[in-house]
Amino acid sequence: MTLHLVPIRFRDAAAFVAMWHRHNQPPIGCKFCIGVADEDGVLRGVAIVGRPVARMFDDGITLEVNRTATDGTPNANSMLYGAAWRATKALGYSRLVTYTQAAESGASLRAAGWRTVAQRAARAGWTTPSRPRSTNGSEYMPRTLWEAAS
2 MTLHLVPIRF RDAAAFVAMW HRHNQPPIGC KFCIGVADED GVLRGVAIVG RPVARMFDDG
62 ITLEVNRTAT DGTPNANSML YGAAWRATKA LGYSRLVTYT QAAESGASLR AAGWRTVAQR
122 AARAGWTTPS RPRSTNGSEY MPRTLWEAAS
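Residue numbers (our numbering): 2 to 151.
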């Protein structure tokens with residue numbers, strides 16, 4: 002199967018994530034989205050890139066791949082991660098990060114040239130007294146922080 006990158010609106014990318022993502026809902030917003038389609042124009046995957054969720058990374062030069070989702074098409078996710086990094090650099094940003102959960106291998110990230118930066122321990126939740134949050138399903142889940150190779 003031949004894949005190619007396609008532009009995609011946020012609302013369409015969010016709908017694709019809602020349908021195909023294994024454990025997260027679509028993010029609330031983004032800086033940009035990228036789609037990957039097959040030779041017949043059928044959308045096979047999306048990447049949604051936005052501001053970093055971690056406040057310490059929100060420095061004006063860093064973006065985060067907040068979601069990727071595919072229908073299982075081989076190599077679609079790696080293609081999205083590579084394209085997200087190229088687009089991030091083209092927009093003038095100098096760093097792109099993302100996270101995987103402990104049960105995810107990171108094979109698509111490694112194939113796209115990304116590197117592991119840190120292992121993050123599981124958290125009991127994201128709420129604090131000064132910033133109450135509702136649960137989102139990512140509690141008690143160790144994560145790996147990845148960074149696109151320069």
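The beta carbon of each residue, even a glycine, is placed where N, CA and C say it ideally should be.
task = Could you say if the region 36-45 and the region 61-77 meet the contact criterion of at least three C-beta pairs nearer than 8 Å?
result = Using a C-beta cut-off of 8 Å, the region 36-45 makes contact with the region 61-77, since at least three inter-stretch Cβ pairs fall below that distance.
key: For residue 121, the nearest candidate out of 70, 11 and 146 (CA to CA)   = Considering only alpha carbons, the answer is 146.
ask   = Helix, strand or coil for residue 147 per DSSP?
value = Strand.
key: First through last residue of the beta strand (DSSP E) which encompasses residue 100   = Taken as a continuous stretch (DSSP letters only), the beta strand (DSSP E) holding residue 100 covers 96-102.
key: Check: residue 44 C-beta below 7 Å from any heavy atom of the ligand PLP   = Summarising the ligand content, the structure contains no ligands, and the ligand PLP is consequently not present.
task = Look at the Cβ atom of residue 1, then the Cβ atom of residue 31, and state whether they are nearer than 8 Å.
result = Here the chain comprises residues numbered 2 to 151, so residue 1 is not present and cannot be evaluated.
query = What are the uninterrupted segments assigned as alpha helix (DSSP H) that are 4 or more residues long and contained completely in the region 5-92, given in chain order?
reply = Here the runs fully enclosed are 11-21 and 77-91.
query = Using a Cβ-Cβ cut-off of 6 Å (strictly less than) and excluding sequence neighbours within five positions of residue 7, which residues of its own chain qualify?
reply = The answer, listed in chain order, is 36 and 38.
query = Looking at the unbroken beta strand (DSSP E) that takes in residue 119, where does it start and where does it end?
reply = 116-121 is the extent of the beta strand (DSSP E) around residue 119.
query = Is residue 89 closer than 8 Å to residue 110 when the C-beta atoms are compared?
reply = Cβ distance not < 8 Å, so residue 110 and residue 89 don't count as in contact.
Close Cβ partners of residue 27 (< 6 Å) along its chain, the five nearest in sequence each way excluded = Only 15, 18 and 19 meet the Cβ criterion.
query = Does the separation of the CB atoms of residue 152 and residue 66 fall below 8 Å?
reply = Summary: the structure shown does not reach residue 152, with the chain confined to residues 2 through 151, and so no result is reported for it.
query = What's the gap between the Cα of residue 61 and the Cα of residue 22?
reply = Cα to Cα, the separation comes out at about 28 Å.
query = Any idea what DSSP makes of residue 132, helix, strand or coil?
reply = DSSP places residue 132 within a strand segment (E or B) once states are collapsed to three.
task = To the nearest angstrom, report how far apart residue 1 and residue 128 are at their CA atoms.
result = Given that the chain is displayed from residue 2 to residue 151, the structure contains no residue 1 and the question cannot be resolved.
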